[in-house]
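**Q** Every number in the working numbering is 3 more than the matching position in the sequence shown, counting from 1. For every residue, glycine included, the Cβ atom is placed at its ideal position computed from N, Cα and C. Take this structure first; my questions come after.
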Amino acid sequence: NQVASAGIHHVGVTLRRSDAGYELFIPRGFAVSLWELLVETAEQFGLEIV
């Protein structure tokens with residue numbers, strides 16, 4: 004597993020890569036808005052967030 008820290012729209016996130024894919028750990032208060040942002044952005048590239 005690989006872990007990195009990053010920011011998405013000025014929100015600190017921790018990303019973890021595993022055999023199954025990627026996981027994002029974010030502050031609870033930003034979960035819904037970041038989820039919606041990721042889903043909308045992924046759709047533009049033909050990707051699906053699950």
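#1: For LEU41, I'd like the list of residues in its chain whose CB is within less than 7 Å of its CB, leaving aside the five on either flank, ordered along the chain.
#2: Among residues of its own chain, excluding the 5 on either side of LEU27, which ones have a beta-carbon nearer than 7 Å to its beta-carbon?
#3: Measuring straight from C-alpha to C-alpha, what distance separates ALA46 and GLY32?
#4: Let's see if you can read the secondary structure: which residues bound the alpha helix (DSSP H) around GLN42?
#5: Could you tell me the alpha carbon to alpha carbon distance between LEU37 and ILE29, rounded to whole angstroms?
**A** Looking at the atomic coordinates:
#1: Residue mapping note: residue 41 aligns to position 38 of the sequence shown, counting from 1. Closer than 7 Å at Cβ, skipping near neighbours: ILE52.
#2: For the purposes of this step, residue 27 is identified with residue 24 of the sequence shown, where counting begins at 1. Around LEU27: VAL16, LEU18.
#3: The residue you call residue 46 lines up with position 43 of the sequence shown. The residue you call residue 32 lines up with position 29 of the sequence shown. Here the sequence assigns Glu to residue 46, which means Ala is not the residue at that position. Those two C-alpha atoms are separated by around 23 Å.
#4: Along the sequence shown, read from residue 1 onward, the residue named residue 42 stands at position 39. Going by the sequence as given, residue 42 is Val instead of Gln. Its alpha helix (DSSP H) spans residues 34 to 47.
#5: For the purposes of this step, residue 37 is identified with residue 34 of the sequence shown, where counting begins at 1. For the purposes of this step, residue 29 is identified with residue 26 of the sequence shown, where counting begins at 1. Counting only the Cα atoms, ILE29 lies some 9 Å from LEU37.
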